[in-house]
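This report refers to the structure that appears directly beneath it.
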Amino acid sequence: MSDPDLGDLDSSTEPQKWRKRHFIFYKERPLLYRLDGPLWLILHAWLMTSVEIRDDGELEHFVPLVLSGLAHLLLHLMGHWSVAARCLIAFTRLPSYTSEVTHVKVVTSEKSLLCPIQRRNGDQVWIDYQRKKLLLDPKDGTFHRPKYPVDHTLDFYSSSRGLSEEEIAKAEGTYFDNTLNLPVPKFQELLLQHVTAPFFVFQMICGLLWLFDDYWYYSLMTIVLLVMLEIMTIKRRIRDVSEIRSIKPPIYELAVLREGRWTFIPSSRLLPGDIVCVTTNNPVVPADMLILAGSSAVVNESMLTGESTPNLKESIISSSNIKLDCRGAHKDNILFSGTRLVLTKPPTAPDSGMLRKAPYKQGAVCYVLRTGFDTVQGKLVRTILYSSERITGTNSREATTFLLGLVAVALVASAYVAYYRLVLEPSLTSSKWKLFLSLTHIITNVVPPEFPVTMSIAVTMCLGHLMRNGVYCTEPFRLPYAGQVDVCCFDKTGTITNGEMTLQATKMLPGASSVDSGKLLDLVLSCCHSLTAVDPLATVLVGDPLEQAMFTAARTATNAAAIYLPGSGPPTFQIFGTQKYSQVARFPFNSELQRMSVAMKHENGPASELLILSKGSPEVMETLLEEVPQDYEETYQDLAGEGLRVIAAAYKRVSNHSEITDRGEVEKNLHFVAFIAFRNEVKTGTLKAVKHLKEMGRKVPLCMITGDHPSTSCEVAQSIGLKSTDSDGVLLLSDDASEWKPLFDSEDYTVSLDWGFEHSDQYTLCVQGKSVEALLEKPDVDLSKITVFSRMSPVHKEDVIKRMVADGKITLMCGDGTNDVGALKTAHVGISLLSSDSGPMSRIRKLQLRDAELHGAAPIAKIGMDASVAAPFTYRGECIKCVPFVLRCGRAVHSVVMMMYKILALNSLLGAFSLSVLTLHGAKFGDFQSAVEAIAVSLIFTAIGRSKPESRLSQFKAVTSIFHWSVQLSLALQLVTHVILLLAGWKLAVSYTTEEPVVDLDSAFEPTLLNSQMFIQTAACHFSAFLANYEGPPSMKPMKANRPLWMGLIAAVSTVLFVASEASPDFNELFSIVRFPDSEGYHRWSMFLVVCHFLLPVFAGRWCMHLEKVDQGYEQR
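With the first letter of the sequence shown counted as 1, position 1110 gets the number 1110 in full-length UniProt numbering; the numbers rise by one all the way through.
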């Protein structure tokens, strides 16, 4: 069963994900039969009896008991880490649903969840899956989402009179309450969740094992810091959930029509199918609801669309053969949850009956469509809750492969040590307990315990930069896509150009004008709109900017001097001094139909006559005219070619007794009045932003997707330089998508479809909405080569983005959030522009952001204050200058991730080499040495989080895979260089040792020349990894721009060189470093090796980065 969508939210992803879900049924086992149950205690008890307490204090007989305990603990914890493991350990799988089933595993392409079965009154079975209620269907034995009443015909809603007692009982069992309940988790619950997390357990085991090997400072420091970090993270999580809860709509008394009478109930008890009466006294709209019975409302939808301008919502017009279209035709008839009412008007339909008896005289009557977490606002909250888990910016499969590779290296190193100590040199192993500790040290050191934290630094860092610059992200996992974008798409009006319009010109045509043409034009300007007064004196009108420009022109015109008369009835206008016209009917603008019409009654004229006034796109209006005037097409083409937005005005007179409910009949056989042309200027900053985007070159084409005329769209596209190269002309696709023809050239010629795409570098390609469907049927066309998509409806915009995504293009879409919501949600990177700037960030918000970065967590975007549901990214500003910044942050994410991968890999592999080869040949590190070095490395890792993206874009795309040839070559060269230098240092130290070196692997650490030399060189390896692998330009700012990182590395490198030079023997003694031999040769060679650790790997790393840039054809500015 597919999930019908509402309000364009998740319209592109939810149905596909739903079809991929399937369910597996389980029965919970008794405790005795669990794989991690009491039977393990028998094994532990038996092993305990075999332990011999020896006088020499050796613990090797405890090894089997320790291994069995670790195995038991690991098996139990795997039930917390993996759903599949938990099912295997504690449950029995059943082939189908029976009454014995206690849990259901919901499997999707992304993850699996184990949900307990819930039963109500013994006959209804359901599960709670990520705040979604899934009901069991006894027929097929699977779970389905409850069906909401969103796909009926319009007359079904118009004739609805509320729920009966039986329907109420059924609905209460089918749907969740109409609340966004987000219980704040208790500290103890989160603590248990954190201490059983895989990497926390791994780190704790590492610390305990190092503790057994007398590394007290290092172990205790690691454990204490780990616990403190987890406690701070838990407190931050509690605070984040509390912050998200702040958007929870308040519960208030609401008038509801149930069982044939109006009553009051809490808004939390609303059910789909309820008839409600809402007023401006209500804090917010409590659910998604359809306006009925001639009611209307003016609503602020800034939370939804990002537009602060209030929108007019009108009642549906009843029809028996038209179904409700929530995403398209009837979106303007729906009030969405979380939005705020500015003005409401009561029912006016004559047959509304009980609906007109609502307790509020000025309340709008609505039909509830969806409630709770299935509303638009609920879906956004769910998105934030369940997408914040994926903020690492890494490919999970690649990360797993990376860790498995490190584990494989650790196992090889451990096997080598075991073979060497047990077979080749058994005299080195006096204690098997010490051997066991040595082997576990290798494994725990090679797999970096800080891996998840360091991987999240990249996304957290860039989210902080975005938020500081007014860009808020509700889906952090989308940020890495911004670093791989293949095509950037933009809406025009409200995005590239200003939303405000000015009436530039009106144009009448010879043969179509009459003595009344001027008067009719003034009537269209004054009356043919959906503007609504929001104050008693009708001085403040809200609505579409184009219609506001029309009415402003009529109001200031000398002849018309239009006035919007106040009153609670239908909109009435005073024109030409004393003439009054009132709206009898209105057919609002529809982006699919591209027109709107009104039926006006002249209060001072004949009572038996109505005047139909219409306006719309010239192409659509041409099909509705009874007679098309001469030069009709040429005139509006010329106006559009000047970059003007052109609409056509028409009229007709009908009898007062005519049927005006059928829109098709009303808008037929119209008479042309005039063309009305508007201009909206290109926004300040657009040209600069496009110039920055063009720095990416032809690899990332730019395109415009708009509802405007092709000539207008192409003129704007050319004026802002959307094309990467100078265009030889504009080619327009034919309606059947078979050939191209010139749009502006006077010559009349055509070229084939393939020829146009082959020469897209020389020409600007333009496609209209009426030809896009035929074009999408062709599988081999590359839509990213098209520069302008014109006359596109919201559905067309979404279809174009879907096709680009299906073709494997990483797509960015930037729009103003009104008609672009579907496309914004479909694109990999959707950016919605809010019409009002939020101003400078408050001090409290800055502190919250800094706190999030400190804990390596993604900062939470506040809904309504920061973000809207229109897109994953919201920019609180009006210019597309945010797009280059988002792209730069996306590229910075990949640069930082690759840097982290390489640094962690080098440190881990060098650690394996030190703990195996060097240790077997006598090298050891002291407890204090390890602790100091670990603190220094951790501080530098933290400082990386303060790095910033480069200030400009480039043609170079950051590497996105750890297995890319340049990354692997860099790692290999650096690793080989460090290993050779370490072996040379070992040989140097041994050659200057006066006594024959005795290898005692089980003895405590003692400062020796070999240990001192290896510690200095190993520290140089770790700090050199940061210098060699910092990406820098063109994706990141130079290292010097990150002052904490730069100064930290200078201090670290200087300290290593200071220690290696033995400038202060007393200072060296603090690190358990012995005095070096007096020979100048030793000092010279030791310093030479340390310097080589810093220079040679840095040269190798930079050389590999240069090779990658050359391979991409990138030339640094």
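Where a beta carbon is used, it is the ideal one built from N, C-alpha and C, also for glycine.
For the pair of segments examined, the segment 486-493 was found to touch the segment 699-712: the number of CB pairs separated by less than 8 angstroms reaches three. In the structure shown, T102 falls within a coil segment according to DSSP collapsed to helix, strand and coil. By the beta-carbon neighbour count (other beta carbons within 10 angstroms, threshold 16), I317 is buried. Distance from the CA of I234 to the CA of L404, rounded to the nearest whole angstrom, comes to 29 angstroms. Taking N498 as the centre and dropping the five residues before and after it, the same chain places the C-beta of N680, E681 and K683 closer than 7 angstroms to its C-beta, in chain order. In terms of Cα proximity to V276, the closest of W210, A774, L355 and V407 is L355. Here the alpha carbons of S793 and S784 stand approximately 19 angstroms from one another. Between I660 and A607, the C-beta gap is not smaller than 9 angstroms, which leaves the two residues out of contact.
For Q630, the number of other beta carbons within 10 angstroms of its own is below 16, and it is reported as exposed. Taking a cut-off of 8 angstroms on C-beta distances, the segment 1032-1046 does not touch the segment 921-938, as fewer than three cross pairs fall below it. Per the C-alpha coordinates, the member of L915, S219, V886 and S1035 positioned closest to A415 is L915. Following the DSSP letters along the chain, one finds I612 inside the beta strand (DSSP E) bounded by residues E609 to G616. As the crow flies, the alpha-carbon of A358 is around 20 angstroms from that of D155. The beta carbons of V256 and L270 sit closer together than 9 angstroms. Scanning its chain for C-beta atoms nearer than 8 angstroms, with the 5 sequence neighbours on each side dropped, one finds around P570 the residues T348, S582, Q583 and V584, in chain order. Comparing C-alpha distances from V471 to each of N1029, V1074 and A871 shows the shortest one belongs to A871.
Burial of Q484 is indicated by the presence of at least 16 other C-beta atoms within 10 angstroms of its C-beta. Out of I24, V63 and A90, the CA that lies nearest to the CA of R34 is found in A90.
Put simply, the backbone Cα of W1085 is about 49 angstroms away from that of R468. Within the same chain, and ignoring the five residues on either side of I334 in sequence, the residues whose Cβ sits closer than 8 angstroms to its Cβ are L6, G7, D288, M289, L290, I291, K313, C326 and L369. Here S738 has L753 as same chain residues with Cβ atoms under 7 angstroms from its own Cβ, once five neighbours each way along the sequence are excluded. When the five nearest sequence neighbours on each side are left out, the beta carbons in the same chain lying within less than 8 angstroms of the beta carbon of K957 are those of G483, Q484, K699, R891 and Q1112, in order along the chain. Within the segment 501-527, the complete alpha helix (DSSP H) segments at least 4 residues long are 517-527, listed from N- to C-terminus. Residue environment for V423: exposed (fewer than 16 other C-beta atoms within 10 angstroms of its C-beta). Taking the Cα positions, F963 is about 21 angstroms away from L411.
Exclusion of the five residues before and after G985 leaves Q1013, M1014, Q1017 and L1089 as the residues of its chain whose Cβ lies within less than 7 angstroms of its Cβ. The Cβ atoms of K580 and E603 lie closer than 9 angstroms to each other.
Comparing alpha carbon positions, the residue from E547, A827, S719 and A297 closest to V646 is E547. Scanning its chain for C-beta atoms nearer than 7 angstroms, with the 5 sequence neighbours on each side dropped, one finds around S895 the residues A958, E1031, S1035 and M1036, in chain order.
Judged by DSSP in its simplified three-state form, H22 adopts strand.
A buried status is given to W210, since no fewer than 16 other beta-carbon atoms sit within 10 Å of its beta-carbon.
The three-state secondary structure of H796, taken from DSSP, is helix. Setting aside the 5 residues that flank it on each side, P1065 is surrounded in the same chain by R1075, each with a C-beta closer than 8 angstroms to its C-beta; the list follows chain order.
Residue state for Q768 is assigned as strand, using DSSP reduced to three classes. Spanning the alpha carbons of L834 and E301 requires a straight line of approximately 11 angstroms. Note: D128 is bridge-paired with K133 in the DSSP secondary-structure output.
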